[in-house]
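A short write-up of the structure that comes next.
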Ligand code: PEP
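Numbering (the working numbering), first residue to last: 251 to 501.
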């Protein structure tokens, strides 16, 4: 067992209206009170203010699912770090596979966002993970290494304490297929080694690496039991308190 805390995050994606978000946030705030791990709720942009008013002062951090690569300006349809800070957001999820593969964000763009978010004092969850064909052709480690190295390019060691990495094999996201705890742990160990090469052993030992990809109440504890798995980034199961709370309260 490592000395690292567990960090369980919910990515609500493009789901819920404000009343629905408020209901979920209230249920989580009540059920996770006294929970011994770190928690995050990342609702869609239009829900953030509603959720902020409910999780303020609780043990649930407030997340956003993306940000623009520029501070402000003529960027129609984008949301800036200044606007997210104004809403009380603590953490920004960047490089999620849906951003990479559906919206074609590349490593350079993601890196720009990572550095901007860190410069504005946010915690960043940097998502990395391979496609099915990349895993099947033996390239899972190489893909995760590239995404980690490029995602962190130019990030100062002094800022690394505000970076969390989420390993999310793309083939396991929203598919019901989960990486085995052993397979996930092996990639987490590899990513930790990459961080060690970039920032030294101490930093590698400290960095939190979440697993994401069809995490459910039934598989959470087995995944978390692995040495290098420090929490979860949860999608589908984060949409209901009934499924998120047992994951968040795993022991
Ligand atoms: C995610 O979107 O980050 C995710 C892991 O989704 P799911 O839990 O639904 O696989």
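All C-beta atoms in this analysis are idealised placements derived from N, C-alpha and C, irrespective of residue type, glycine included.
Straight-line CA distance for residue i to residue j?
i	j	result
residue 358	residue 401	7 Å
residue 407	residue 413	10 Å
residue 449	residue 440	14 Å
residue 383	residue 363	27 Å
residue 391	residue 422	16 Å
residue 500	residue 324	45 Å
residue 290	residue 399	25 Å
residue 485	residue 344	14 Å
residue 311	residue 305	7 Å
residue 334	residue 294	11 Å
residue 292	residue 405	23 Å
residue 496	residue 427	19 Å
residue 494	residue 255	18 Å
Could you check whether residue j and residue i sit closer than 8 Å to each other, using their CB atoms as the reference points?
i	j	result
residue 437	residue 394	yes
residue 331	residue 277	no
residue 318	residue 328	yes
residue 380	residue 340	no
residue 442	residue 419	no
residue 498	residue 307	no
State buried or exposed for residue i, treating a residue as buried only when at least 16 other CB atoms are found within 10 Å of its CB.
i	result
residue 411	exposed
residue 352	exposed
residue 447	exposed
residue 252	exposed
### Query
Pairing CB atoms from the stretch 458-472 with CB atoms from the stretch 413-432, are three or more of them under 8 Å?
yes
### Query
Below 8 Å, can you find three or more Cβ-Cβ pairs linking the stretch 283-302 to the stretch 262-274?
yes
### Query
Do three or more CB pairs link the stretch 480-498 to the stretch 457-464 at distances below 8 Å?
yes
### Task
With a floor of 3 residues, list each beta strand (DSSP E) that falls wholly inside the stretch 404-453, ordered by position along the chain.
413-417
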